[in-house]
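Undergrad: Line by line, the protein sequences give chains A and B. Numbers 1 to 114, taken from this note's numbering, label the letters of the first sequence in order. Numbers 1001 to 1115, taken from this note's numbering, label the letters of the second sequence in order. Cβ atoms here follow ideal geometry from the backbone N, Cα and C, with glycine treated the same way. For clarity, every value in this text was computed on a predicted model and none was experimentally measured. Would you mind keeping the following structure in view while I ask a few things?
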Amino acid sequence: NAGVTQTPKFRVLKTGQSMTLLCAQDMNHEYMYWYRQDPGMGLRLIHYSVGEGTTAKGEVPDGYNVSRLKKQNFLLGLESAAPSQTSVYFCASSQYREIYNEQFFGPGTRLTVL
Amino acid sequence: GNSVTQMEGPVTLSEEAFLTINCTYTATGYPSLFWYVQYPGEGLQLLLKATKADDKGSNKGFEATYRKETTSFHLEKGSVQVSDSAVYFCALSGGYGGSQGNLIFGKGTKLSVKP
């Protein structure tokens, strides 16, 4: 049981390049989330999904797109990377959406945009 | 909107010292409160939680009590170990106006425990 996995672990991009981060979970969770973590800022929600084929904006969605074509996968895309998107990206999943439910996090992807 | 404020770090303690990390929140209604921990090079994992006022969450020797009157959820441990060195995040979910199921995090407090 791998839990939540993220691919890749590290990536360096040049400004204007595009890339896709992959998140996969094997817990059959309905809900999935993408966060970014910046020094002194905590984690901020980028986008989330409440089920296969559905996505919604979080706190900081600009410059990102997401897709949830399969229940177990949640993709985060950067169409034209900017230095401000240098960050550590975490994916998470949860079984339910009740406010008391735990989210399970992946190990993170460290992205640097030059 | 809802928010979480936690004490600035880093916090450096000697092994077996007492730990307190302060966390206060702003939210109307009845949010759930969480402490997540991030060990070096890893993702976050749930440490403990409390879902209603006066609840005490506990795990691995850590405790936190949901105090609605002071809007606080301070993390405590009586005797820290080197293995407790990590970044600790206070978070909330829910409350009036809060998107159900979405977490709002504090900025994190880095704890270093010296032998």
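I need the DSSP call for A:Gln-37, collapsed to helix, strand or coil.
TA: strand
Undergrad: If we ignore side chains and look at the alpha-carbon of each, how far apart do B:Trp-1035 and A:Lys-9 end up?
TA: 25 Å
Undergrad: Span of the beta strand (DSSP E) holding A:Asn-73?
TA: From DSSP, the beta strand (DSSP E) with A:Asn-73 extends over 73-78.
Undergrad: Considering B:Phe-1089, what are the terminal residues of the beta strand (DSSP E) in which it resides?
TA: 1086-1093
Undergrad: Could you check how far apart the C-beta atoms of A:Glu-30 and A:Gln-103 are, in whole angstroms? I think they sit under 8 Å.
TA: So it is not a contact: roughly 12 Å between Cβ atoms.
Undergrad: Return the residue from the list A:Gln-25, A:Asp-26, A:Tyr-89 that minimises the CA-CA distance to A:Ile-46.
TA: Nearest neighbour of A:Ile-46 by Cα position, chosen from A:Gln-25, A:Asp-26, A:Tyr-89, turns out to be A:Tyr-89.
Undergrad: Going along chain B, which residues have a C-beta under 7 Å from A:Gly-42?
TA: Phe-1089, Phe-1105, Gly-1106, Lys-1107, Gly-1108
Undergrad: What's the C-alpha gap between A:Gly-77 and A:Thr-5?
TA: 16 Å
Undergrad: To be precise: take each residue of the stretch 66-91 of chain A, compare its Cβ to all Cβ atoms of chain B, and keep it if any distance is under 8 Å. Which residues remain?
TA: Phe-90
Undergrad: So, helix, strand or coil for A:Ser-84, using DSSP?
TA: Looking at A:Ser-84 - three-state DSSP - the assignment turns out to be helix.
Undergrad: If you measure between the beta carbons of A:Phe-105 and B:Gly-1043, is that distance less than 8 Å?
TA: yes
Undergrad: May I have the straight-line CA-CA distance separating A:Thr-86 from A:Gln-17, to the nearest angstrom?
TA: 13 Å
Undergrad: Whose C-beta lies closer than 6 Å to the C-beta of B:Glu-1016 among residues of the same chain, with five residues either side of it excluded?
TA: Ser-1079
Undergrad: Of all the options A:Trp-34, A:Gly-42, A:Gly-63, which has the alpha carbon lying nearest to the alpha carbon of A:Thr-55?
TA: Comparing Cα-Cα distances from A:Thr-55 to each of A:Trp-34, A:Gly-42, A:Gly-63, the minimum goes to A:Trp-34.
Undergrad: How many angstroms separate the CA atom of A:Arg-44 from the CA atom of B:Thr-1012?
TA: Near 26 Å, if we compare the C-alpha coordinates of B:Thr-1012 and A:Arg-44.
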